[in-house]
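Engineer: Be aware that the sequence shown starts at 0, since it is given in numbering that gives the first Met the number 0, and climbs by one per residue. Below is the structure I would like to discuss, written out as structure tokens.
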Amino acid sequence: MNKILLTAMKQIPLLKPNQRFIFGVDGLSRAGKTTFVKRFIPFLESHALRVCAIHMDDHIVSYHQRYHTGHPEWVEYYRMQWHVDGLSSQLFQPLRAEDTLVLPFYDKESDLHHTQTIHLPQTGVVIVEGIFLQRPEWRSYFDFVLYLDCAREKRFSRENKTEQKNRTKFENRYWKAEDYYIDSVNPTKTADLVFQI
């Protein structure tokens, strides 16, 4: 893992004062994005870099906006799970110039959002981690995107046993959306670096 972390860190240039480097970590569900970021942050900090991480799953919409909407399940997941335009204006557009971001955070237990302020390093790395990061609406905001490529069955084996029993949901919702992303965006080609996991 240290070799992977070092390779990823080498993609970050020597930062000038007041420069932020926007580093995307993309990959399909259960590819290891969150695990990678948890290890990458202290690795960067040990090399005297200031780091802030943003996890896109913290910013999904409420349940009723993404389930039982009348649209195909894969559309609900790919197009409706996040407020794409809202995150473009609230998160991505101010990411370079603002000192703070004020974003809605989703609470799964209550199915409600609460507003939270994220403090950004004046000079440092902002890691944005999540699935479908290279969609056309967001790709241009990144200085660099790492894509974690992991086979579907390997990713599925990482799901808990209860979730694995509902394979139909994966086939109709998650995997169709992933197939659409692969076919329309081709994330292994548009990423700056790909790691096979």
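We treat Cβ as the ideally placed atom computed from N, Cα and C, and that holds for glycine.
Please check if any C-beta of chain E sits within less than 8 Å of the C-beta of R166.
Structural biologist: This model lacks chain E altogether; it includes just one protein chain.
Engineer: Looking at L100: is its Cβ nearer than 8 Å to the Cβ of Y140?
Structural biologist: no
Engineer: In the DSSP assignment, find the unbroken beta strand (DSSP E) run with P71 in it and report its ends.
Structural biologist: It is not in any beta strand (DSSP E) - P71 carries neither H nor E in the DSSP assignment.
Engineer: Enumerated in chain order, which unbroken segments of the beta strand (DSSP E) with a length of 3 residues or greater are wholly contained in the region 102 to 186?
Structural biologist: 111 to 118, 123 to 128 and 143 to 148
Engineer: For Q64, name the three-state secondary structure that DSSP assigns.
Structural biologist: helix
Engineer: For A7, which three-state DSSP category applies?
Structural biologist: helix
Engineer: R151: which of F143, V144, D142 and E170 sits nearest, CA to CA?
Structural biologist: E170
Engineer: Taking C-alpha atoms, which residue in L27, T6, K2 and M55 lies nearest to V125?
Structural biologist: Residue nearest to V125 within the set L27, T6, K2 and M55 is M55 (criterion: CA-CA distance).
Engineer: Among residues of its own chain, excluding the 5 on either side of Q115, which ones have a beta-carbon nearer than 7 Å to its beta-carbon?
Structural biologist: If the five residues before and after Q115 are omitted, its C-beta is found closer than 7 Å to the C-beta atoms of L102 and F104, all from its own chain and listed in chain order.
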